[in-house]
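Heads up, the numbering used here is the position in the sequence shown plus 5, with the first residue counted as 1. Don't be surprised by glycine CBs; every beta carbon is placed ideally from N, CA and C. Let me begin by presenting the structure, written as structure tokens, before commenting on it.
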Amino acid sequence: MSNYTVENLWKAFNVILFFVLIYKYFGKQIKDMFLKAYNSLIAQVEGPMAKLLSNREAVSVAKLELQEAKKKYEQAIANQKTLAKEQYDEIIAHAKVVAQNIEKMGKEMVEVEANRLKSQLISNLSTSLISKAETRLKEVFKDEKTEISYIKSRLERLGK
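Shown next as structure tokens:
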């Protein structure tokens, strides 16, 4: 064997011995270091993945809740529209009844007032006509001849 080969074998042996000694004394620490690094990398990947999955789940739950809330909202709007329509119809019907009652009362009041004014007018007219007739008769009967002729004509009528 040549000197060069022995030297290379010796170097290889030293390198192997070096790695064996390092493994013997520091192997567990190196293994733990690599395991920690591996676990750290896995944790760095799994943490965000878990958050991502959790967020996706939360988003899906939120979407379902949103759809449910939207359905409830639409149902509530439909119910309110129906209720408003019913109340509107009731108010209109009540207003029509009230308007008819007011119209009826108005007609009755107009009729009562017209009858009152009519009787008042008749009373005033009759009073006026009576006073004018009395005045006219007094003028006509100032003359005694007219009065006597009137009495005679009345007596003749009664006598017939």
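Backbone secondary structure at residue i - three-state DSSP
i	result
residue 154	helix
residue 146	coil
residue 7	coil
Within 8 Å, strictly: CB atoms of residue i and residue j
i	j	result
residue 146	residue 152	yes
Neighbourhood of residue i by C-beta distance below 6 Å, restricted to the same chain and skipping five residues each side
i	result
residue 53	none
Own chain, CB closer than 7 Å to residue i, minus 5 neighbours either side, in chain order
i	result
residue 102	none
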